[in-house]
Structure formats: structure tokens, C-alpha cells
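Student:
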Amino acid sequence: MTWDWAVFFGTFPLLGSALVTTLELVIASLVLASLIGVIVCFGRLIGKGALGWLATAYVSMFRGLPETVLIFWIYYCGPFVFDARLSSFASGVLSLSLVAGAYMGEIFRAGVLAVPRGQYEAADALGLSKVHLVRDVAAPQAFRIMLPAIFSQITILTKNSSIVSAIGVAELFYRGSTLAGDTFRYFEIFSAVGLVYFALIFPLSLLSQRLERTLAVTR
Numbered sequence: 003m004t005w006d007w008a009v010f011f012g013t014f015p016l017l018g019s020a021l022v023t024t025l026e027l028v029i030a031s032l033v034l035a036s037l038i039g040v041i042v043c044f045g046r047l048i049g050k051g052a053l054g055w056l057a058t059a060y061v062s063m064f065r066g067l068p069e070t071v072l073i074f075w076i077y078y079c080g081p082f083v084f085d086a087r088l089s090s091f092a093s094g095v096l097s098l099s100l101v102a103g104a105y106m107g108e109i110f111r112a113g114v115l116a117v118p119r120g121q122y123e124a125a126d127a128l129g130l131s132k133v134h135l136v137r138d139v140a141a142p143q144a145f146r147i148m149l150p151a152i153f154s155q156i157t158i159l160t161k162n163s164s165i166v167s168a169i170g171v172a173e174l175f176y177r178g179s180t181l182a183g184d185t186f187r188y189f190e191i192f193s194a195v196g197l198v199y200f201a202l203i204f205p206l207s208l209l210s211q212r213l214e215r216t217l218a219v220t221r
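Note that the numbering used here numbers the sequence shown so that position 189 is 191, with each residue one more than the last.
1. Cβ atoms of Val28 and Val42: under 8 angstroms apart, would you say?
2. Could you give the distance in angstroms between the alpha-carbon of Lys161 and the alpha-carbon of Ala168?
3. Between Leu223 and Pro150, what straight-line distance do the alpha-carbon atoms span, to the nearest angstrom?
4. Can you grab the Cα-Cα spacing for the pair Gly54 / Gly45, in whole Å?
5. Go through its chain and collect everything with a Cβ distance to Tyr188's Cβ below 6 angstroms, but skip five positions before and after it.
6. Where do the N-terminal and C-terminal ends of the alpha helix (DSSP H) with Val22 fall, by residue?
7. Can you give me the C-alpha to C-alpha distance between Leu72 and Tyr176, rounded to a whole angstrom?
8. Mind checking Thr23: buried by the 16 CB within 10 Å criterion, or exposed?
9. Would Gly103 and Gly39 be called neighbours here (beta carbons separated by less than 8 angstroms)?
10. Apply the 10 Å Cβ neighbour rule to Tyr78 and answer buried if 16 or more other Cβ atoms are within range, or exposed otherwise.
11. Taking Thr222 as the reference, give the member of Pro81, Val198, Gln211 with the closest Cα.
12. Would you kindly report the start and end of the unbroken alpha helix (DSSP H) that includes Ala102?
13. Taking the continuous alpha helix (DSSP H) assigned at Met63, which residues delimit it?
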């Protein structure tokens with residue numbers, strides 16, 4: 003098969019709506035995963051009682067569960083269990099969020115635990131309230147420590163978004179597969195799709211690496 007540059011360059015305009023869907027999928031999943039992560043982090047930091055046990059069980063379960071299995075289970079089995087059918091997009095967001103939320107929870111917890119205990123003791127000695135302690139002392143330092151790992155998780159989430167094509171979400175990979183199936187120009191079309199993914203993910207990877215180096219120098 004000969005390479006056709008016209009097909010390659012002509013593919014990019016056809017991926018526009020799919021790119022928007024991918025970005026919507028990643029952003030929605032990131033927001034929900036972050037909310038889940040905060041709850042998981044809180045439960046894991048408590049470490050005792052029902053909330054602590056549930057948070058630990060949640061992390062163990064969803065870090066060990068393949069996302070493809072979860073996506074199919076929510077989309078196809080969910081209606082029988084919960085008597086409600088989610089759209090393919092909502093099923094994809096929920097599936098990606100449940101898994102990413104487990105990792106985000108551990109990222110948040112690691113960031114909080116990395117703040118030196120002396121910082122809390124100094125703030126307490128200065129008479130700062132717990133609200134001011136968290137807002138002005140712990141949160142800024144913890145967030146700075148978390149940033150590289152958060153960007154790494156966003157990178158992973160962006161790559162994993164292609165999995166939801168299995169349930170018909172018209173994101174980048176799904177659109178590329180449809181175009182390739184219609185034209186049989188798999189080489190050019192999937193090369194274009196791969197380049198779009200690379201353009202999304204590579205800057206995130208660079209930013210994550212730069213943050214890691216900056217953090218290592220300033221510690």
C-alpha cells in the first residue's frame with residue numbers, strides 16, 4: 003500500500019468533533035475523579051472506622067480492576083442492577099472516574115503526608131485556627147507536591163479515554179476506526195489519530211517532568 007498524503011492531511015479536519023468529545027470526556031472524568039479522590043484521601047487519612055475501611059477497600063478494588071471490564075460492566079450490566087441506563091458517554095466518564103479517583107486519592111494523601119509535621123506544629127504555636135492552618139499552610143505545600151503526579155494522572159486519563167470507543171463513544175479512536183473502515187486507509191488515518199493524541203499528551207508529559215525537576219531542586 004502506498005502512502006497517500008492527501009488522505010493523511012485530510013483526516014485532521016474530520017477529527018474535529020471527535021477531539022472535542024475526547025476533551026469533554028477527559029475534563030469531566032478529571033473533575034469527578036478529583037472529587038472522588040478528595041473523599042478517598044479523607045477516608046484514608048482517618049484510617050479508622052467505616053469510612054477508613056471503605057476508602058481502603060475502594061482503592062484496592064479500583065486500582066486492581068481493568069478499566070475495559072468496568073466500562074462494559076457499567077454500560078451493559080448497570081441497567082439490570084440499578085434499573086437505569088446511562089448513555090455511552092456517561093458510562094465512559096463514570097468508569098474512567100472510578101479508576102482515576104482511586105489513584106487521585108492516593109496522590110492527594112501522599113501530598114498531605116509529605117508536608118513536614120513541623121509546619122503544623124509551628125502553625126499551631128502561632129495560634130492559627132484549623133481552617134487557616136489547612137488553607138494557608140498545608141494546602142499550598144501539599145498541592146505543590148501533588149502537581150507532578152496530578153499531571154501524570156491526566157496524561158494517563160487522556161490515553162485511557164480511547165477505551166470508551168468500545169461502547170460507541172465517538173471520541174478520537176472511534177472516529178478514526180470509522181474513517182479507516184470506510185476508506186481502508188488504515189495507515190494514514192491511524193497515523194493522523196496517533197499524532198493528535200501525541201499533540202495532546204506530549205505537552206502534559208513535559209510539564210510533569212519539568213515540575214518534578216523544579217520540585218526536586220527547591221526542596
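Backbone N, C-alpha and C define an ideal beta-carbon position, used for all residues, glycine too.
Tutor: Short version:
1. Reading the sequence shown from its first residue, position 40 is the one you call residue 42. Reading the sequence shown from its first residue, position 26 is the one you call residue 28. The criterion of a C-beta distance shorter than 8 angstroms is not satisfied by Val42 and Val28.
2. As a first step, residue 161 must be located in the sequence shown, where it is residue number 159. As a first step, residue 168 must be located in the sequence shown, where it is residue number 166. Distance between the alpha carbons of Lys161 and Ala168: 14 angstroms.
3. One cannot answer for residue 223 here, as it falls past the ends of the chain, which runs 3 to 221.
4. In the sequence shown, residue 54 corresponds to position 52, counting from 1. In the sequence shown, residue 45 corresponds to position 43, counting from 1. Cα to Cα, Gly54 sits roughly 4 angstroms from Gly45.
5. Position 186 of the sequence shown holds residue 188. Result list for Tyr188: Ala182, in chain order.
6. The residue you call residue 22 lines up with position 20 of the sequence shown. First-last of the alpha helix (DSSP H) with Val22: 18-48.
7. Residue numbering aside, residue 72 sits at position 70 when the sequence shown is read from its first letter. Residue numbering aside, residue 176 sits at position 174 when the sequence shown is read from its first letter. Distance between the alpha carbons of Leu72 and Tyr176: 18 angstroms.
8. Here residue 23 corresponds to residue number 21 of the sequence shown, with the count starting at 1. So Thr23 ends up on the buried side.
9. Here residue 103 is taken as the residue at index 101 of the sequence shown, counted from 1. Here residue 39 is taken as the residue at index 37 of the sequence shown, counted from 1. Using a Cβ distance threshold of 8 angstroms, Gly103 and Gly39 count as a contacting pair.
10. Looking up residue 78 in the sequence shown gives position 76. Taking all protein chains in view, the Cβ of Tyr78 is surrounded by fewer than 16 other Cβ atoms within 10 Å, so the residue is classified as exposed.
11. The structure shown does not extend to residue 222, since the chain is modelled only from 3 through 221, so no value can be given for it.
12. Working through the sequence shown from its first residue, we reach residue 102 at position 100. 90-116 is the span of the alpha helix (DSSP H), which, as asked, contains Ala102.
13. Translated into the one-based positions of the sequence shown, residue 63 becomes position 61. For Met63, the uninterrupted alpha helix (DSSP H) segment begins and ends at 51-65.
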